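Chains as they are written, first to last, in my numbering: chain R, 7 to 361; chain C, 7 to 361; chain U, 7 to 361; chain B, 7 to 361. Don't be surprised by glycine CBs; every beta carbon is placed ideally from N, CA and C. The structure presented is a predicted model; accordingly, all values stated were derived computationally and were not measured.
Protein chains: 4
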Amino acid sequence: MAPKKLKVAVAGLGRMGKRHAMNFMNRTPRAELVAAFSPDPNELKWAKENLEPFGVTLYTDYNKMIQHPGLEAVVIGTATSVHAEESIQAMEKNLHVLCEKPLSTKVEVCKQVVAEAQKRPHLKVMCGFSRRFDASYRDAHDKVERGLIGRPSVIRSQTCDKHDPGGFFVAYAAWSGGVFVDMSIHDIDLTLWFFGDDVVLKSVSAYGIRAVQPDLAKYNDYDNAVGIVEFHDGRIAYYFCSRMMAHGQEDTTEIIGTEGKLSVNVNPQLNLVNRYHSGGITREVPHDYYGRFEMAFVEESNEFVSACLDDKPLPYKLTNAVKAVEIGSYIQEALVQEKQIRFDKNGKRIEAANL
Amino acid sequence: MAPKKLKVAVAGLGRMGKRHAMNFMNRTPRAELVAAFSPDPNELKWAKENLEPFGVTLYTDYNKMIQHPGLEAVVIGTATSVHAEESIQAMEKNLHVLCEKPLSTKVEVCKQVVAEAQKRPHLKVMCGFSRRFDASYRDAHDKVERGLIGRPSVIRSQTCDKHDPGGFFVAYAAWSGGVFVDMSIHDIDLTLWFFGDDVVLKSVSAYGIRAVQPDLAKYNDYDNAVGIVEFHDGRIAYYFCSRMMAHGQEDTTEIIGTEGKLSVNVNPQLNLVNRYHSGGITREVPHDYYGRFEMAFVEESNEFVSACLDDKPLPYKLTNAVKAVEIGSYIQEALVQEKQIRFDKNGKRIEAANL
Amino acid sequence: MAPKKLKVAVAGLGRMGKRHAMNFMNRTPRAELVAAFSPDPNELKWAKENLEPFGVTLYTDYNKMIQHPGLEAVVIGTATSVHAEESIQAMEKNLHVLCEKPLSTKVEVCKQVVAEAQKRPHLKVMCGFSRRFDASYRDAHDKVERGLIGRPSVIRSQTCDKHDPGGFFVAYAAWSGGVFVDMSIHDIDLTLWFFGDDVVLKSVSAYGIRAVQPDLAKYNDYDNAVGIVEFHDGRIAYYFCSRMMAHGQEDTTEIIGTEGKLSVNVNPQLNLVNRYHSGGITREVPHDYYGRFEMAFVEESNEFVSACLDDKPLPYKLTNAVKAVEIGSYIQEALVQEKQIRFDKNGKRIEAANL
Amino acid sequence: MAPKKLKVAVAGLGRMGKRHAMNFMNRTPRAELVAAFSPDPNELKWAKENLEPFGVTLYTDYNKMIQHPGLEAVVIGTATSVHAEESIQAMEKNLHVLCEKPLSTKVEVCKQVVAEAQKRPHLKVMCGFSRRFDASYRDAHDKVERGLIGRPSVIRSQTCDKHDPGGFFVAYAAWSGGVFVDMSIHDIDLTLWFFGDDVVLKSVSAYGIRAVQPDLAKYNDYDNAVGIVEFHDGRIAYYFCSRMMAHGQEDTTEIIGTEGKLSVNVNPQLNLVNRYHSGGITREVPHDYYGRFEMAFVEESNEFVSACLDDKPLPYKLTNAVKAVEIGSYIQEALVQEKQIRFDKNGKRIEAANL
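Below, the structure written as structure tokens:
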């Protein structure tokens, strides 16, 4: 008899939802994609061609989908604004949840999701931080664990997207939570992974510019920003996020320890080809995050399924997802309000008046 | 109704056979692995744990396996010596065939496989040259097709394995056909791909040493060898194969054109991590060909299945597999006999006496 | 008749002074090293062996040296604390001056040097910023000038030294002005070069840790620090300085424009050798700044001499040297006092009380 | 009193002669350029502007120049055809000689130079192989000496020039000795350096094409060629030379040992700049050998002078220069005559008839 497969549904079939659906259907051997939900006619059209023929039931109502017979887990790839609500509704139906990052752009809402999850310790509730599943980041983390760089003390990490002249990200900024919540959250999550999730904030500062998309001013957002986070145990992380790269996606991280350093993706590359021409030697770069992290998403799917089926611990805590949003929100506030925000030894915010 | 899946069996569950079985079972959405064959008790033990529970019927007799009800295709990953025979037997049962390279170390035997395949044009018969499915090689080939380097004129290509001090390859040399048939066949196949499969041999030469495995002398084989192939249309390919690499697998190719050059894997790397330490900056390298080409094998499985199900042309001709063995055998002969072998404008061998 | 050579004296024969002496003697064809000064017996001993035999007169009194017959220019490589005074004294003797960076760690003192120089426009007075003479930085600057990256908007620049476990830099910190004045001054100078020296400060922030040299606390200094500088024209520069590198000197700069990016030294390297071994592929890194910038110092010597002899403009303004120290001092203040410092549109500091 | 300087004359002021003159005048502190010779009016015009004002006496007659009062050494950068004759004439005047490679394209003539030099052991007679003075090659050689790669067993080395569409090299081929004597001689010399100059030839083979300069057929030469040299002690060297590079100079060497590998210049680069643009990431490449080896030529000048003044051994033997031409000539013969040439254990050629 074939071993059991986890019955999974995917909510949201936009850019990333489609990929989740395909990954759970085709590249996650222990999962069976049984249902998918989207309120969007174009997404549903795609699903009729690409999912329905393979036995996936389509829904236009999220609440109906999570009552699909035998369903065991939901992957949430809808708009951020409904991540938390849908996660909680799924838990109420006793379903495991893999939710795209962030749980919410609001810390309080994130905390509600965690609270609901903590009531149901038998459920696996994970927020998808794809870089945690990337082979290079894992290798780097393993090397840190083995002590190869001494104590990690400084992290430099950036999330830099290829410039999209279409201006999609201007509208997107209306509800994204701002660049430090939307983009740098990956870098913040890496910081928690490499420094430990018990680090205590000491201060944050940030600066941004609108170099190519002045309309971002409408939403108090920026197309390039730099932020620094200081922790009370004598560590620093600094972040750069940009939507202005000409060449493609460039997500780079350095972990600088007392006895050595590790870098991830200092030389971005699409593949192993170099072209030699009269202007020099050129290599191409992935166009977007999926070009860089495709296999990490596949690994994410498989590990989530394995944790559900085998009742194994998830690779990281759900509370990290809250902490990452919290730190991101502070940095975003520092950015928008042009001020430094400081915290006491317990991580409690010291109001500006106290400076 | 779910679209049809191709029912596939895998023959041979050794190092590569296992991988084929897992790839067809888990990473080839349009395939269904229904059967597997191995005469080896250890391999069967592995199959009982890893294949049987998922509905794969195990066989200890190849001929019985190819009569498995509903079977449509066979993947042959057994010892090279039975590749051809098993391929022909499968065709006789009206099965599509994906056979590991080489079809045989003997050109005549390869030709028999081709002859049998030509009798059954409705069958897809493919010899697995993994590099043809690698994203980097494909990008390079696409760039050549787009004219980015002018006319490809010189190819340098190497297959270099990590040194295995255990001496496995000494025994293996007894029946491998020699390094140019066993290792460089990939480089030769790439040459046919980049130069065109209608190139006509003008001469071959080769030289080898036994630097770390003197026992290879027993089998007239070498652990490092260099060969040059000259073609009548004014092109040259030169190859290096080695089993002596300290650092890992290093399969590198340069395609040198009249207006530019492309390189593939000039900087071998396991992943995107660099380690900075007191001795400098270090990156790791894949330990073996599967570390380098894993995703190419997955792509190979999927494209083979797609060709079978949709009756689409295979990505390359079976006759190339014969030509690659033929050229490899000539180079091996030049190597072992320490002579240059020349060919007339029709590719007909000019005997040494005619020099 | 041989063309005229510039008669040069070098003051200070410590680590960098020795190199200047040798460069002006041997690698600056249009200069003649005629005198050298050091109060230090060990340095004088070295000079007796290495300079005196070649006709260089040695002095233990700076004031006497600058009265050396026929002397035309002085290169000042003494301790930072006397840079300004010695520069002014040299100008008073009508001598051209090449002074090691910084003119002083105090902005007011730097300004005095500039004021004295402005009284004597026929004299060439230059503060040595070696990176301005480096072929890679010049190529990058030229590419920016040619518009290849659009408008430079963000600069990331770091000065990272190999860790010296001897603790030399603890004592040195007593009078160095702090890491942002001592180390990052190069990065700040590059910012003025790439952004234009008319940029107006908007704010500065900085954070530091003492990860390997806790004794730096005595001098309010740090072994790793990150700083951000915001300018009123919508540009940002951010800096990292560290004395903790295990692998060697790593001075890296990225200039990020609206239409492209340039990097300098993203892959540090001692030379063009890679070593392939069982642990991977390793390249070495220069041990110190001179290993990285030796040829830039030679170029600096030659261009200074050429400006003096041919009465050509110096490659950059002396006032930049003041501005770099000024910005560095603000960042250092922000670092030590753990606060953000803000400036109005005229660059006038807004006191914290006004925040 | 200033230490003695070596009085040097340069013969030939063409492309490389000019550079030698400038290097000996300005970048070789222990040398004094006192004389220069050229029969060419344009070269003399250049010399009148660039050398004469600095006290260099110009000659249009080589024999007169070598009688210049006090002259101690001659640097020969004239046409290859007169290298040997001029070297011998200089020795007859008791002058040290640094002669550009090759001594001659004819082995017998090279041997005459060596014979003359051997009669005068007090003279330093060196043939300039610039790569021997390059920091990267020296580092690689040092690592080999330290045993880091075990026994060097295979060398891959290439000399690849940027394509010059002007066709200069067609005329040049008339007297260059052919690509393996003209270009690969550097790679052959490196082989003698890394393998030892006592290696004994076992066989040579070579193949060439005319991909961009068909007119080379007039002179029996090629624009791309590959050669293999086998030695009797179980080692192989293989060479690629090309005049067809679109991107610039690419002289790459790999030394492959039983326990590791070293590469030199696997990633050619003009400097440390990378440009990131919509097509990817690009670095530039030196346009010619001088862009790659400029500092090696400076080092060569200085070491030659030091050997002369201090009566120290030269860094390598003059006989190597003969052996390199000898091997190069054999490879060129194999190339042109399309045959393999074999040698017995004493290195004595085995005629084709004996095959």
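Threonine 259 of chain B counts as buried, since at least 16 other C-beta atoms from the protein chains shown sit within 10 angstroms of its C-beta. At a cut-off of 7 Å between beta-carbon atoms, serine 284 of chain U makes contact with chain C.
Contact between valine 232 of chain U and isoleucine 242 of chain R holds: CB atoms are separated by about 6 Å, below the 8 Å threshold.
By the Cβ criterion, the region 108–127 of chain B is not in contact with the region 143–161 of chain B, since fewer than three pairs of Cβ atoms, one from each stretch, lie closer than 8 Å. For aspartate 167 of chain R, the enclosing beta strand (DSSP E) has its first and last residue at 158–168. Annotation: isoleucine 347 of chain B to tyrosine 213 of chain C spans about 13 Å, alpha carbon to alpha carbon.
The C-beta of threonine 288 of chain C comes closer than 7 Å to at least one C-beta of chain U. Distance between lysine 351 of chain U and aspartate 229 of chain U, taken at the CA atoms: about 33 Å. Taken in chain order, the members of the region 258–272 of chain C whose beta-carbon sits within less than 7 Å of a beta-carbon on chain R are Gly266, Lys267, Leu268, Ser269, Val270, Asn271 and Val272. For arginine 152 of chain C, there is no enclosing alpha helix (DSSP H), since its DSSP letter is neither H nor E. The C-beta distance from glycine 18 of chain R to isoleucine 82 of chain R rounds to 7 Å, short enough to meet the 8 Å contact threshold. The residue among B:Met22, B:Val235, B:Val210 and B:Glu265 with its C-alpha nearest the C-alpha of glycine 134 of chain B is B:Met22.
With a cut-off of 8 Å on Cβ pairs, the region 311–319 of chain U is not in contact with the region 304–319 of chain R, counting fewer than three such pairs. A direct Cα-to-Cα measurement between methionine 28 of chain U and leucine 276 of chain R gives close to 47 Å.
The beta carbon of alanine 179 of chain U is closer than 7 Å to those of Leu222, Tyr225 and Asp227 in its chain, skipping five residues each way along the sequence. Check the Cα spacing between lysine 323 of chain R and each of R:Ala37, R:Lys130 and R:Ile72: the tightest is with R:Lys130. Taking each of U:Asn56, U:Asp188, U:Gly263 and U:Arg289 in turn and checking the Cα distance to proline 9 of chain B, the smallest one comes out for U:Asn56. Neighbours of arginine 137 of chain U in chain R, taken as residues whose beta carbon is under 9 Å from its own, are absent, since the nearest beta carbon is some 20 Å off. In this structure, the alpha-carbon of valine 328 of chain R lies about 10 Å from that of threonine 111 of chain R. Remark: fewer than three beta-carbon pairs, one from each stretch, lie closer than 8 Å, so the region 275–295 of chain U and the region 197–214 of chain U are not flagged as touching.
Serine 335 of chain B is outside the set of residues whose beta carbon lies under 7 Å from a beta carbon in chain U. Between the alpha carbons of glutamate 58 of chain U and threonine 63 of chain B lies a gap of roughly 29 Å.
The C-alpha of glycine 254 of chain B lies about 28 Å from the C-alpha of histidine 238 of chain C. In the structure shown, histidine 238 of chain U falls within a coil segment according to DSSP collapsed to helix, strand and coil. Where asparagine 280 of chain R is concerned, the enclosing beta strand (DSSP E) starts and stops at 279–283. Contact check for phenylalanine 310 of chain R against methionine 132 of chain R passes: the beta carbons are separated by less than 7 Å.
Residues of the region 232–261 of chain C with a C-beta atom less than 9 Å from some C-beta of chain U are Met251, Ala252, His253, Gly254 and Glu256, listed in chain order.
Just so you know, the alpha carbons of methionine 250 of chain R and tyrosine 295 of chain B end up roughly 38 Å apart. With a minimum length of 4 residues, the unbroken runs of alpha helix (DSSP H) contained wholly in the region 258–316 of chain U fall at 295–316. Scanning the region 104–141 of chain B from its first residue to its last, the whole alpha helix (DSSP H) runs of 4-plus residues come out as 113–125. Nearest Cα to serine 87 of chain U within the set U:Arg281, U:Glu256, U:Val304 and U:Leu109: U:Leu109. Against chain U, the CB of valine 185 of chain C has no partner CB under 7 Å away; the residue lies outside that interface.
Following the DSSP letters along the chain, one finds leucine 39 of chain B inside the beta strand (DSSP E) bounded by residues 37–43. Per DSSP, the continuous beta strand (DSSP E) segment holding threonine 63 of chain B begins and ends at 63–65.
Sequence-ordered contacts of the region 46–62 of chain C with chain R read Pro59, Phe60 and Gly61 [C-beta pairs closer than 7 Å].
Looking at the DSSP output, methionine 251 of chain R shares a beta bridge with R:Lys168.
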